[in-house]
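Each remark here refers to the structure printed beneath this line.
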Amino acid sequence: MKNIVTLRKLTKSNLELLQKTIRIICVVEDYPFSDGEIEVLAHIIAYGDTPKTYELILKNGLIKSKNVYYNMKNKFKKFDFLHKNDKRQYVANEDLVLGTRVGIIITLDNS
């Protein structure tokens with residue numbers, strides 16, 4: 017039995033591509049992430065976990081405090097989107113370092 021659904025979506029930026037990819041993963045895996053958390057995670061993956069990224073996220077109104085930022089990073093680590101490197105900085109797992117095009121294969125099975 018071959019039931020294949022083909023979807024195509026053009027995105028305006030790599031950040032939007034990351035957000036859509038993360039959203040798909042969250043839907044398929046039933047991860048409880050809000051739209052804001054997905055946007056913050058996409059920023060961290062795209063720009064790295066740096067003070068500059070934190071300031072950008074804060075400036076864009078995605079978070080209100082550093083504590084919220086730390087809690088989100090811990091949640092992203094718990095769900096295996098981020099991990100700490102040797103310098104104890106959060107970095108994206110290799111599967112989430114995307115190019116300009118992403119192909120996703122999803123297998124849903126109820127057997």
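Sequential numbering of the sequence shown, starting at 17, is according to the working numbering. We put the CB at the ideal spot given by N, CA and C, even for glycine. All figures in this text were calculated on a predicted structure; none of them were measured in a lab.
I believe residue i touches residue j by the beta-carbon criterion, under 8 Å. Please report the beta-carbon distance rounded to the nearest angstrom.
i       : j      : result
Val-107 : Asp-65 : 7 Å
Lys-91  : His-99 : Rounded, the Cβ-Cβ distance is 13 Å, inconsistent with contact.
For the alpha helix (DSSP H) that contains residue i, what are its first and last residues?
i      : result
Leu-98 : Premise fails: Leu-98 lies in the beta strand (DSSP E), 98-100, not in any alpha helix (DSSP H).
Ile-91 : What sits at residue 91 in the sequence shown is Lys, not Ile. Per DSSP, Lys-91 belongs to the alpha helix (DSSP H) from 82-94.
Would you tell me roughly how many angstroms separate the C-alpha atoms of residue i and residue j, rounded to the nearest one?
i      : j       : result
Thr-27 : Gln-35  : 10 Å
Ile-38 : Glu-110 : 13 Å
Asp-46 : Asn-83  : 25 Å
His-59 : Ile-73  : 7 Å
Ile-54 : Gly-77  : 14 Å
Pro-67 : Gln-105 : 11 Å
Ile-41 : Met-88  : 17 Å
Lys-80 : Leu-57  : 15 Å
Within the same chain, show all residues whose beta-carbon is closer than 7 Å to that of residue i, passing over the 5 residues directly before and after it, in chain order.
i      : result
Tyr-70 : Tyr-85
Phe-95 : Tyr-47
For residue i, which residues in the same chain have their Cβ closer than 8 Å to its Cβ, ignoring the five residues on either side in sequence?
i      : result
Ala-62 : Asn-30, Leu-31 and Leu-34
Kindly indicate which three-state DSSP category residue i falls into: helix, strand or coil?
i       : result
Tyr-106 : strand
Tyr-63  : helix
Arg-39  : helix
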